[in-house]
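Chain order of the listed sequences is V and D. In this text, residue positions in the first sequence follow my numbering: the first is 75, and each later residue adds one. In this text, residue positions in the second sequence follow my numbering: the first is 15, and each later residue adds one. Where is the CB? At the ideal position from N, CA and C, for every residue including glycine. Only a predicted model underlies this, so the values are computations on that prediction, with no experimental measurement involved. Step one of this worksheet: look at the structure below.
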Amino acid sequence: AQSVTQPDIHITVSEGASLELRCNYSYGATPYLFWYVQSPGQGLQLLLKYFSGDTLVQGIKGFEAEFKRSQSSFNLRKPSVHWSDAAEYFCAAVLGSSASKIIFGSGTRLSIRP
Amino acid sequence: GAVVSQHPSRVICKSGTSVKIECRSLDFQATTMFWYRQFPKQSLMLMATSNEGSKATYEQGVEKDKFLINHASLTLSTLTVTSAHPEDSSFYICSAPYSDLRETQYFGPGTRLLVL
């Protein structure tokens with residue numbers, strides 16, 4: 075079945091430390107991939123997206139993600155986190171040529187240790 | 015960037031009443047909008063696809079008579095929760111793709127519904 079998986083429910087990192095949030099997809103072809111961030115009580119904000127081309131994509135707020143076809147992964151990274159990065163992060167994908175809907179992963183909650 | 019608004023941001027209602035939630039694309043036209051439901055500490059679950067000028071497409075397990083969707087114009091979709099019950103309490107979010115779904119989807123800020 076087509077799916078997006080975020081294996082980490084909750085991650086805590088120290089402020090200033092590096093971050094990597096994992097995302098895997100299950101689909102026969104390359105989907106369109108997205109990372110969104112949701113702060114408490116806020117709507118979703120797009121961090122970055124991958125459609126094709128360079129497999130390392132840069133996003134807003136210092137985030138980047140790397141698409142690895144061999145691993146069916148699209149992990150989100152940031153070299154140095156800030157306390158304001160504490161939020162819920164969702165990986166998402168548009169699967170299929172009809173591009174009829176977007177599928178979200180279960181989310182990873184990021185906490186920042188002072 | 016494009017903006018999608020939702021109204022109201024939160025609503026409390028009595029069990030058995032109906033609640034209407036509006037989703038508007040403020041500076042672009044959206045022939046398609048999506049409605050999601052998000053339970054606490056969980057992901058967004060797609061409920062239905064709202065199509066301007068035609069019937070909405072509901073995901074499996076979503077009651078179309080319970081969650082009425084009307085996409086009356088290119089900038090407005092409404093979700094009406096009919097005869098609401100406490101189990102309908104949730105965070106409802108809409109989104110609209112700017113052009114093609116492969117491009118950026120813009121999400122509304124969400125509506126918190128509490129049914130007493």
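> Taking buried to mean at least 16 other C-beta atoms within 10 Å of its own C-beta, is D/Trp49 buried or exposed?
Replying inline: buried
> Does the Cβ of V/Asp128 have 16 or more other Cβ atoms within 10 Å, making it buried, or fewer, making it exposed?
Replying inline: Answer is exposed; the Cβ neighbour count stays below 16.
> Taking DSSP as the reference, what is the three-state secondary structure of V/Ser144?
Replying inline: helix
>> If I follow the unbroken beta strand (DSSP E) through V/Leu95, where does it start and stop?
In response: Segment 93-95, the beta strand (DSSP E) holding V/Leu95.
>> With a threshold of 8 Å on Cβ separation, who are the neighbours of V/Gln132 within its own chain once the five nearest residues in sequence on each side are excluded?
In response: Leu122, Glu138
>> As a quick exercise: from D/Ser91, D/His21, D/Ala44, D/Tyr120, pick the residue whose alpha carbon is nearest that of D/Ser109.
In response: Check the Cα spacing between D/Ser109 and each of D/Ser91, D/His21, D/Ala44, D/Tyr120: the tightest is with D/Tyr120.
>> How far does the beta strand (DSSP E) with D/Lys34 in it extend, from its first residue to its last?
In response: Here the beta strand (DSSP E) through D/Lys34 covers 33-39.
> Taking only beta-carbon atoms, is V/Ile176 less than 8 Å away from chain D?
Replying inline: yes
>> I'd like to know whether the C-beta of D/Gln119 is nearer than 8 Å to at least one C-beta of chain V.
In response: yes
>> So for D/Ser104, helix, strand or coil by DSSP?
In response: strand
> To which residues of the same chain is D/Pro123 closer than 7 Å at the C-beta, ignoring the five residues directly before and after it?
Replying inline: Gln20, Ser23
>> On the DSSP bridge list, what partners appear for V/Ile85?
In response: V/Leu184
> Is it buried or exposed for V/Gln112, if we count other Cβ within 10 angstroms and need 16 for buried?
Replying inline: Classification of V/Gln112: buried, given that the 10 Å Cβ count is 16 or more.
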